[in-house]
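Colleague: Protein chains in written order, with our numbering: chain D, 1 to 291; chain Y, 1 to 441.
1. Measure from the alpha carbon of residue 221(Y) to the alpha carbon of each residue in 429(Y), 11(Y) and 358(Y), then state which is nearest.
2. Taking 7 Å as the CB-CB cut-off, is residue 406(Y) touching chain D?
3. Quick check on residue 30(Y) - is its C-beta less than 7 Å from some C-beta in chain D?
4. Output yes or no for whether 7 Å exceeds the beta carbon distance between residue 58(Y) and residue 159(Y).
5. Please report the residue range of the beta strand (DSSP E) in which residue 294(Y) lies.
6. Are any of the Cβ atoms in chain D nearer than 7 Å to that of residue 199(Y)?
7. Between the alpha carbons of residue 242(Y) and residue 198(Y), how many angstroms are there, rounded?
8. Taking the alpha-carbon of residue 282(D) as reference, which of 213(D), 241(D) and 84(D) has the nearest alpha-carbon?
9. Could you tell me if residue 18(D) is buried or exposed, where buried requires 16 or more neighbouring beta carbons within 10 angstroms of its beta carbon?
10. So that I know if they touch, is there some Cβ in chain D lying closer than 7 Å to that of residue 106(Y)?
11. Quick check on residue 63(D): buried or exposed, where buried means 16 or more other Cβ atoms within 10 Å of its Cβ?
12. Between residue 196(D) and chain Y, is any beta-carbon pair separated by less than 7 Å?
13. The beta strand (DSSP E) spanning residue 106(Y) covers which residue range?
14. Hey, would you say residue 41(Y) sits closer than 7 Å to residue 76(Y), going by beta carbons?
15. Would you say residue 402(Y) faces chain D, with C-beta separation under 7 Å as the test?
16. Can you tell which of 266(D), 211(D), 278(D) and 276(D) has its C-alpha closest to the C-alpha of residue 28(D)?
17. So, is residue 298(Y) buried or exposed, given that buried needs 16 or more other C-beta atoms within 10 angstroms?
18. Distance cutoff 7 Å, beta carbons only. Does residue 35(D) sit that close to anything in chain Y?
19. Quick one: Cα of residue 184(D) to Cα of residue 95(D), how far?
20. I'd like to know if residue 126(D) contacts chain Y, where contact means its C-beta is closer than 7 Å to some C-beta of that chain.
21. How many angstroms separate the CA atom of residue 341(Y) from the CA atom of residue 196(Y)?
22. Looking at the strands, I want to know which residues DSSP matches up with residue 192(Y).
23. Is there a Cβ of chain D sitting closer than 7 Å to that of residue 321(Y), yes or no?
24. Compute the Euclidean distance between the alpha carbons of residue 66(Y) and residue 320(Y), then round it to the nearest angstrom.
25. Between which two residues does the beta strand (DSSP E) holding residue 155(Y) run?
26. Residue 218(Y) bridges to which residues according to DSSP?
27. Can you tell me whether DSSP reads residue 139(Y) as helix, strand or coil?
28. Using the Cα positions of residue 182(D) and residue 53(D), report the straight-line distance between them to the nearest angstrom.
29. Near residue 280(Y), which residues of its chain fall below 6 Å by C-beta distance, leaving aside the five closest residues on each side in sequence?
30. Give me the residue from 131(D), 124(D), 211(D) and 160(D) with the minimum Cα distance to residue 279(D).
31. From residue 410(Y) to residue 404(Y), what does the alpha carbon distance come to, in whole angstroms?
32. Can you tell me the Cα-Cα spacing of residue 27(Y) and residue 12(Y), whole angstroms?
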């Protein structure tokens, strides 16, 4: 590549480079700076050293929101992965009209978050919700999904399954890449369905599983819109008060942008550590073709 | 493609952005180039927004120097804060009274004291409780748009004939409790069918329970959330969980519809009595016309007769954010809204009481709320109270709500919940004071 081509290339890429610098790198660095300040947005930031981080360590609501988020992630990430893999495997079979089925299963993940939250407020309503009416028909005493602190996180985890379509599409793509010859060889050896799934399918799509699990984990740590609409202020008694909700309240309700920035950086570090741990763990369990 | 061609494309893109920015400014002022355009952001939507639009239109027609551009904005408080920080705030922002201290502490509002004095808008012009709500540290920061007082609403058809008038309805908490025991009904499956009263419905004034039992959330500079009065109030609230069953109440309440719908529990006949604001009548007219109801002052503990006739006050307010470009013109509009005829028209449209000391008979006669005289009298009562005037009120309110929910879901005893809440809010208050003091230096 000559110098002129390089110049033209850079000029073409400049809109993206500028956008990335202005809208990603600058806010990222600014938030790192603000995390060491007392900053309300309306007044100039005043340096306070590591005080925001020290305060976080002693903040009961910080720990409560963090533990809520972890519990949600522990429930939602594996369950979403299992559901999405099962759906993808079902939609990978040779059945007439498969394109229609695939569309039907993918469509729910396109529903906007707020509309979804409103819909589930009706389905999970403890008194006359569709789900509890169904339970009552078969004489099972249903829980109060939205009002009982013991059940609210489970409600959210179940709602998360609704959006499994995105992951399902990626798994489906992975499944279609598995060489048919491997299944044919397994058939010749008399392998059962379960044996083929365990020894052929799952190892072959393990890189896809790793990708989806990491993305799902990051997404779970950022859960916001649905609990924000369904459980205002993390009701009841902060049972559904998630990390991002506390961060949002600090930034925009209590005008503690410095504190909120520190929270953002703590979450960033947690995400990086967990991602690295997942990558390390995957070394022995993820199989790359030709690797 | 040559470097010159790419550079040319870049120049064209920059020119387009400049044209769009300048063009927007020109077009937005085109309608009134000879007038000063005042930008007004307001929180209201629907009929409430329309009532204020009428006032804005009338103001725009009443003179030829100022044009108020009225915009209905969601999340007006956050957007005003960010726009102020960015140096491009609206000239007028319609926020809530409980945000004044926080915004004033942050230096986000224009001090209206001198302009108010010059316009004759002082303590004598307003009902004391409402005037108190717009002043902070002896300065005036806002002017009222529409205020409200709160009372106990009673469904005439759901209470026995011996108590179905404002005169015969129980005046005390103890009397209310006896009535609740008489009229509440359970279904065959044990679930609630009718609750005589629920402290958690609608759950908007959890911070006020202490005050309704004679306590204070702040005593001077000290946080007093766990005062004996507050503990007593929360113990009383706890009796309702025990009376009906905490899980039964949760399940019952999850079936309540939105307050702006016919499924509202009071309109739907699921609760016989409910603490609510003067605006409730308007909602009933729209969503369930013909609902039989009356209002009485919120009951008081029998051993505290001095609390008879108490109420909670709240108000929507008009402010001029710091850095507004047309402060003088914005204040002209604020002043116009404070005119007795204009204010009465707006408050009638919103179904609220007037914040002004002087109220015409016409206002009472034309008001859509048949109990407007009661709400007006309650607002004038020396026992009327508002949120504590501290910049941490949003946090304080959230923490008290958490304590309230910890009690109603039987996670903590009233004392435990309030002690924990006290410790947390005191810490937040200490940090806040240090930060505000540090920022003021």
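Built from N, CA and C at the ideal position, the CB exists for glycine as well.
Everything numeric in this text was worked out from a predicted model, so none of it was measured.
Modeller: With the structure as the only source:
1. Closest by alpha carbon: 429(Y).
2. yes
3. Annotation note: pLDDT 48 at residue 30(Y) (below 50); position unreliable, no value reported.
4. no
5. 293-296
6. Judged by the 7 Å Cβ criterion, residue 199(Y) is not in contact with chain D.
7. 12 Å
8. 213(D)
9. Within a 10 Å sphere around the beta-carbon of residue 18(D) sit fewer than 16 other beta-carbons, which makes this residue exposed.
10. yes
11. exposed
12. no
13. Neither: residue 106(Y) is in no beta strand (DSSP E) and is coded neither H nor E.
14. yes
15. yes
16. When the alpha-carbon of residue 28(D) is set against those of 266(D), 211(D), 278(D) and 276(D), the nearest one is in 266(D).
17. buried
18. no
19. 19 Å
20. yes
21. 40 Å
22. Among the bridge pairs identified by DSSP, residue 192(Y) is matched with 186(Y).
23. Chain D contact via Cβ: absent.
24. 16 Å
25. 143-155
26. 223(Y)
27. strand
28. 53 Å
29. 153
30. 211(D)
31. For residue 410(Y) and residue 404(Y), the gap between their C-alpha atoms comes out near 10 Å.
32. Here residue 27(Y) scores only 48 on pLDDT, less than 50, and its place in the model should not be relied on; the value that follows carries that caveat. Distance between residue 27(Y) and residue 12(Y), taken at the CA atoms: about 22 Å.
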